[in-house]
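One structure below.
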Amino acid sequence: MTTSELVISGLRASVGSTEILKGIDLTIRSGEVHAIMGPNGSGKSTLSHVVMGKPGYEVTAGSVTLNGVEILGLPTWQRAQAGLFLAMQYPTEVPGVSLSDVLSVAYQAGERSADELDDVLKAEAERIGFDHDLLRRSLNVDMSGGEKKRNETLQLGVLKPKIAILDELDSGLDVDALRQVSRRVEAATEEDGLGVLVITHYSRLLNELRADRIHVLAQGRIVDSGGPEMAEALESSGYAAYGGDAEAVPAAAADPFADPFA
Ligand code: ADP
Ligand code: MG
40 MTTSELVISG LRASVGSTEI LKGIDLTIRS GEVHAIMGPN GSGKSTLSHV
90 VMGKPGYEVT AGSVTLNGVE ILGLPTWQRA QAGLFLAMQY PTEVPGVSLS
140 DVLSVAYQAG ERSADELDDV LKAEAERIGF DHDLLRRSLN VDMSGGEKKR
190 NETLQLGVLK PKIAILDELD SGLDVDALRQ VSRRVEAATE EDGLGVLVIT
240 HYSRLLNELR ADRIHVLAQG RIVDSGGPEM AEALESSGYA AYGGDAEAVP
290 AAAADPFADP FA
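Its first residue numbered 40, the sequence shown is counted upward by one per residue in our numbering.
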């Protein structure tokens with residue numbers, strides 16, 4: 040098993056004229072589980088999008104390297120091929136394209152033979168109690184929140200990335216599903232040396248998926264980091280101590296000359 044390292048340093052990013060990430064430093068290595076917690080609007084999903092290369096964000100400073108290679112200039116598909124994976128908070132619906140279509144293409148792009156894919160899919164579906172019919176239906180279309188999250192977890196199990204970012208994987212999952220999905224992710228950290236950055240509001244996920252480190256993101260900055268015991272404390276005390284409540288990052292002063300498409 041080769042070890043991997045995702046290093047985020049001094050990362051700043053904006054949407055239009057609003058700076059959302061204000062200097063993020065974070066290192067995730069193989070086998071580690073890091074959790075990011077924080078109030079709504081603090082920039083958690085933005086961080087996941089910027090690392091994965093979702094269009095619409097401007098990186099203004101910093102770097103993100105995977106095993107020493109800068110990935111910020113790469114298109115998303117190359118980041119995925121390099122071993123990065125993002126389970127999105129709101130998985131995209133793709134009418135007419137099934138999960139098995141997607142996985143078949145992605146699997147072979149990783150230079151793996153399509154012959155074994157059926158068996159891999161079956162085994163993975165079983166591990167997380169995934170309804171087989173969902174493999175043939177249009178990706179995420181008319182699926183419940185929980186089905187979408189199992190979908191993402193199945194992709195993770197099949198594609199075996201090096202580093203995975205899981206954005207609110209817990210939303211929409213009942214307790215049993217949460218346990219199954221957490222067990223699967225945890226197994227990947229042990230069997231395949233997966234490094235994980237899990238984003239969540241709730242310690243309920245972290246009761247199932249134990250984090251080695253917890254980081255608090257507030258207003259675009261990591262304002263505190265600690266061990267797993269921090270999750271409980273955060274859940275009871277909230278984020279008030281970090282100057283964050285449920286409010287979004289304050290909008291930057293409007294610039295009448297700003298290009299809205301910049
Ligand atoms: P979190 O995931 O922590 O709840 P987000 O990263 O989704 O927060 O959002 C952080 C802030 O950035 C919010 O104030 C949100 O409104 C703003 N934001 C995110 N994406 C966009 C966008 N595409 N256009 C304008 N504002 C955005
Ligand atoms: Mg979010």
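Cβ coordinates follow ideal geometry from the N, Cα and C atoms, glycine included. Remember, predicted model here, so these are calculated numbers, not experimental data.
Practice item. Could you tell me which uninterrupted beta strand (DSSP E) segments, each at least 3 residues in length, are contained entirely in the region 67-109, listed from first to last along the chain? Key: 72-76 and 97-105
**Study point:** Extent of the continuous beta strand (DSSP E) run through Ser264
**Key:** Arg260 to Gly265
Practice item. Return yes when the C-beta of Gly77 is under 7 Å from any heavy atom of the ligand ADP, and no when it is not. Key: yes
Practice item. Have a look at Gly107 and Glu44 and give me their C-alpha separation to the nearest angstrom. Key: 8 Å
**Study point:** The beta strand (DSSP E) enclosing Ala257, as first and last residue numbers
**Key:** Arg252 to Ala257
Review point. Expressed to the nearest angstrom, what Euclidean distance is found between the alpha-carbon atoms of Val180 and Leu212?
Key: 17 Å
Exercise for review: Please determine if the region 236-250 and the region 163-180 are in contact, where contact requires at least 3 C-beta pairs separated by less than 8 Å.
Suggested key: no
Exercise for review: Decide if the region 73-86 is in contact with the region 104-120; the criterion is three or more beta carbon pairs, one per stretch, under 8 Å apart.
Suggested key: no
Exercise for review: Just list the beta strand (DSSP E) runs in the region 104-151, keeping only unbroken ones of 3 residues or longer that don't cross its boundaries, in chain order.
Suggested key: 123-126 and 133-137
Review point. Any idea if Asn190 is buried or exposed, counting beta-carbon neighbours within 10 angstroms, 16 or more meaning buried?
Key: buried
Exercise for review: Out of Pro94, Leu138 and Ala270, state which residue places its alpha-carbon closest to the alpha-carbon of Lys187.
Suggested key: Leu138
Check your understanding: Taking DSSP as the reference, what is the three-state secondary structure of Ala301?
Key -> Residue confidence is low: Ala301 scores 44 on pLDDT, short of 50, so the model does not pin down where it sits. Its coordinate-derived value is still stated next. Coil at Ala301, not helix or strand.
**Study point:** Spatially closest choice to Leu123 from Val90, Gly196 and Ala216, by CA coordinates
**Key:** Val90
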